[in-house]
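Residue numbers (the UniProt record's numbering): 1 to 361.
C-beta atoms are modelled at their ideal positions from N, C-alpha and C, and glycine is treated no differently.
Single-structure report; data block below.
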């Protein structure tokens, strides 16, 4: 009853399946250096798919087209996504000197997988936060090498040429960067060259402002709205956001499982199923076995999320147009208190039916 009744009710409230919802995935395992193989990506995609949701966490944003340890072999995340029926937001790394290899990997992937990619690619991103890393703010923060607007525009043109007449010819090409980069007028040429723009926003890192968890949602909404105002009619996708479960405090922003869940509820839930969203992140690696801070919600204390999910008695849907709708309590069986964490992670949620991030046996 719990599985069938609840899922049927959720399906009736689900928003369009054309809205992508997923996580970001790096090229290395949780030890920070071992390269992920196809089986590793399949396992992660399967984990994300097993989260019961209105539209499901069935999309993956990547950071490179190249399989780790190779020069320009396409990433094994692609066949993994095909096998797991997971959509992809592909990315060509655009900083440094590897773009030629990234482009070669894209062409090879199209040649290898052809029509299997049709309907599986949400978009193609040319770069990730290159404009931020190239800015005075990024340089002052110790960022690695970035790229200037003219370079990104040129790379976007090269990608358009590469996909013309292929299975990916209708896929939108864009760029992902921080909201501070999008509101910088010197980057307007990149906006003009994009079909869509992706915004990365982390109130946790806004340490020169009042950035406690109580301000998290308002700071994110301000960043998102400012980005939309800067890019005009271009669609804005949420490509990275999240709150760390562990790590150092940034001004008033304290990492914790409780705060990560609050941020998920207040920022994720209103956008899941409405805006293309890739949350940061399911499993955090950040080129380190012990990332600090760590945003990986799959490794967060699962009992905290489990109790929080079931203690939300009202189960009010966050969507404004159905704000008064409530999930009938008789569709749910109250689970007994856990003596120990479940074998699979219970991710944070109080946005039931909008994003039923519950493990159903």
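Beyond the five residues adjoining it in sequence on each side, residue 138 comes within less than 7 angstroms, by CB distance, of 132 and 146 in the same chain, given in chain order. The beta carbon of residue 23 lies closer than 7 angstroms to those of 48, 57, 60, 278, 279, 281 and 282 in the same chain, with the five residues before and after it left out. Per DSSP, the continuous alpha helix (DSSP H) segment holding residue 38 begins and ends at 38–49.
Looking at the DSSP output, residue 21 sits in a beta bridge with 277. DSSP places residue 145 in the coil class of the three-state scheme, outside both helix and strand. Note that the segment 250–261 does not touch the segment 31–40; fewer than 3 beta-carbon pairs, one per stretch, sit closer than 8 angstroms. Approximately 11 angstroms separates the beta-carbon atoms of residue 163 and residue 126; this is outside 8 angstroms, ruling out the contact. Counting C-beta atoms within 10 angstroms of its own C-beta, residue 244 has 16 or more neighbours from the protein chains shown and is therefore classed as buried. In the structure shown, residue 222 adopts helical secondary structure according to DSSP, grouped into three states. In this structure, the alpha-carbon of residue 107 lies about 15 angstroms from that of residue 76. Cβ-Cβ separation between residue 123 and residue 174: approximately 6 angstroms, consistent with a contact (criterion under 8 angstroms). Under the DSSP assignment, residue 180 falls in the alpha helix (DSSP H) whose first and last residues are 179–182. With at least 16 other beta carbons inside 10 angstroms of its own, residue 239 counts as buried. Beta-carbon to beta-carbon, residue 179 and residue 223 are separated by about 4 angstroms, close enough to satisfy the 8 angstroms threshold.
Taking C-beta separations shorter than 6 angstroms and ignoring five residues to either side along the sequence, the partners of residue 93 in its chain run 64 and 102, following chain order. Separation of residue 88 and residue 284 (C-alpha to C-alpha, rounded to the nearest whole angstrom) is 18 angstroms.
The segment 189–258 is shown to contain whole alpha helix (DSSP H) runs of 4 or more residues at 213–231, in chain order. Check the Cα spacing between residue 213 and each of 260, 120, 169 and 50: the tightest is with 260. Contact between residue 237 and residue 185 is absent: CB atoms are separated by about 21 angstroms, not below the 8 angstroms threshold. Contact annotation, residue 183 with residue 217: C-beta distance approximately 19 angstroms; criterion of less than 8 angstroms not satisfied. When the five nearest sequence neighbours on each side are left out, the beta carbons in the same chain lying within less than 7 angstroms of the beta carbon of residue 120 are those of 81, 82, 87 and 88, in order along the chain. Rounded to whole angstroms, the separation of the alpha carbons of residue 128 and residue 156 is 13 angstroms. Residue 74 is bridged by DSSP to 66.
Restricting attention to beta strand (DSSP E) runs no shorter than 3 residues, the segment 81–164 encloses them at 87–92 and 121–128, ordered along the chain. As the crow flies, the alpha-carbon of residue 70 is around 36 angstroms from that of residue 206. Taking the Cβ atoms as the reference, residue 176 lies roughly 14 angstroms from residue 149, outside the contact range of under 8 angstroms. A straight-line Cα-Cα distance of about 12 angstroms links residue 298 and residue 45. Put simply, of 204, 25, 73 and 43 the residue whose alpha carbon is nearest the alpha carbon of residue 84 is 43. The continuous beta strand (DSSP E) containing residue 60 extends over residues 59–61. Contact check for residue 211 against residue 252 passes: the beta carbons are separated by less than 8 angstroms. Just so you know, the alpha carbons of residue 272 and residue 208 end up roughly 29 angstroms apart.
In the structure shown, residue 186 adopts helical secondary structure according to DSSP, grouped into three states.
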